[in-house]
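Since the structure comes first, as structure tokens, the remarks are kept for the end.
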Amino acid sequence: MNQGRFLSLFGLAAFLLQVNVIGHPLKVYILAGQSNMQGSAHKKTFAAIGDDPKTAPLLEEILDADGEPVEAHNGWVVCRTNRGGEQVTLDGKVKVGYGFDDERIGPEYGFGLYMDRSLEEPVLIIKTAWGGKSLAIDFRPPGAGPYLPSEVEKEKGRVPTQEATGYYYRQMIAFIKETLKDGASIRKVVPEYQESDGYELSGFVWFQGWNDMCNRHHISQYTDNMIHFIVDVRRDLESPKLPFIVGVLGVYGTDPESRRFDKGLPV
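Residue 30 in the working numbering is what sits at position 30 of the sequence shown, and the numbering runs on without skipping anything.
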């Protein structure tokens, strides 16, 4: 994870923090997407943050006196992802280990540490991330309707099945609901949770797009699909005002001939 991306995690956390800072219900944040949400930044790369004087102070936030990555005091995470071709569920305090393997991080690390230090109360992050998944097919929201394959996909026999279309959207929603089903379910992740306090969905961070960007048929639909995604998530989670942040990786930089993702950005 480069310095700019790490800083951006603190920025988006600050934005969501402004939405809900006061109150006793457990703050719940959802992080979802594909491989970049899974996270491949190894803990040994953290030291590079100190190379730039502007970002060097961040090292004091993420490394302890012995130079080891810190963990959150009262920030908790439960993660559904794939490792080695199998579905796995991980949970515990926010720390290194919720990325591709036990020594890597995704956006949940910087985000979770910031929230943990900014709120004097427990924070729960529910993360669902699977590599190589598109919004057009895999995360396709119900409101987008059936997937209409391109002529090329038809010719090459690459038309997704009805079951595959929207499969990871359904998995995401089901996992969120399973985690928040009742007090006992939440306490599996947040031990001190009191059911009488309740919980509130305080923000949704979406970090995905590579698979759609690599397919011209998919990227042309991205704005509409993203709008349906936001509407459907708010409906399915019964949270009509749920704040959304859509992350952008910045592939191809400022090259105007290569920035295909621009046409697909939500408005």
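Beta carbons are placed, not taken as given, at the ideal position from N, Cα and C, and that holds for glycine. Please read these numbers as outputs of a predicted model, since none were measured by experiment.
Where do the N-terminal and C-terminal ends of the beta strand (DSSP E) with residue i fall, by residue?
i, result
"Arg235", "It is not in any beta strand (DSSP E) - Arg235 instead sits in the alpha helix (DSSP H) that spans 222-236."
"Arg83", "75-83"
"Pro210", "The sequence given here has Trp at residue 210, not Pro. Per DSSP, Trp210 belongs to no beta strand (DSSP E); it is in the alpha helix (DSSP H), 210-213."
"Glu200", "199-207"
"Lys27", "26-33"
"Glu86", "86-93"
Suppose the cutoff is 6 Å on Cβ atoms and the five residues either side in sequence are ignored; what does the same chain contact list for residue i look like?
i, result
"Pro149", "Val159"
"Ser35", "Gly131"
"Pro279", "As displayed, the chain neither begins before 1 nor continues past 267, which places residue 279 out of reach and without an answer."
Quick one: is residue i buried, meaning 16 or more other Cβ sit within 10 Å of its Cβ, or exposed?
i, result
"Gly166", "buried"
"Pro141", "buried"
"Ala47", "exposed"
"Ala41", "buried"
"Gln208", "buried"
"Ala136", "buried"
"Gly112", "buried"
"Thr161", "exposed"
"Gly75", "buried"
Keeping to the same chain, check which residues put their C-beta closer than 8 Å to that of residue i; ignore five residues upstream and five downstream.
i, result
"Lys127", "Ile30, Leu31, Ala32, Met37, Val77, Val78, Cys79, Arg80, Thr81, Tyr98, Gly106, Glu108"
"Ile102", "Before going on, a small fix: residue 102 reads as Asp here, not Ile. Closer than 8 Å at Cβ, skipping near neighbours: Val96."
"Gln194", "Gly183"
"Tyr169", "Asp138, Phe139, Arg140, Pro141, Pro142, Phe229, Asp232"
"Glu163", "none"
"Lys181", "none"
Between residue i and the rest of its own chain, which residues show a CB-CB distance below 7 Å, the 5 nearest in sequence each way excluded?
i, result
"Gly50", "Ala56, Leu59"
"Asp236", "Ile173"
Do you know offhand how far residue i's Cα is from residue j's?
i, j, result
"Phe100", "Val88", "11 Å"
"Asp64", "Trp130", "31 Å"
"Asp138", "Pro191", "33 Å"
"Lys44", "Gly143", "42 Å"
"Pro243", "Gly67", "35 Å"
"Glu71", "Ser134", "31 Å"
"Tyr199", "Trp206", "21 Å"
"Val28", "Glu151", "42 Å"
"His217", "Leu249", "20 Å"
"Met115", "Gly39", "19 Å"
"Lys93", "His73", "7 Å"
"Ile245", "Ser202", "11 Å"
"Arg117", "Gly247", "22 Å"
"His24", "Pro69", "29 Å"
Can you tell me where the alpha helix (DSSP H) with residue i in it begins and where it stops?
i, result
"Glu68", "Careful: Glu68 lies outside any alpha helix (DSSP H) and carries neither H nor E."
"Ser134", "No alpha helix (DSSP H) contains Ser134, which DSSP labels as neither H nor E."
"Val248", "First-last for Val248: undefined, no H or E at that position."
"Phe175", "167-179"
"Leu152", "Looking at the sequence itself, residue 152 is Val, so the reference to Leu does not match. Val152 -> alpha helix (DSSP H) spans 151-155."
"Phe111", "108-118"
"Arg216", "216-219"
"Ala47", "Run containing Ala47: none; DSSP gives neither H nor E here."
"Leu184", "The question names Leu, but residue 184 in the sequence shown is Ala. Looking at the DSSP string, the run of the alpha helix (DSSP H) that includes Ala184 is 183-187."
Is there a Cβ from chain C that is less than 8 Å from the Cβ of residue i?
i, result
"Thr89", "Annotation note: the requested chain C is absent from the structure, which comprises a single protein chain."
**OP:** Spell out a yes or no on whether the segment 112-128 and the segment 177-190 are touching, meaning 3 or more CB-CB pairs, one atom from each, closer than 8 Å.
**Re:** In this structure the segment 112-128 touches the segment 177-190; the number of beta carbon pairs closer than 8 Å is three or more.
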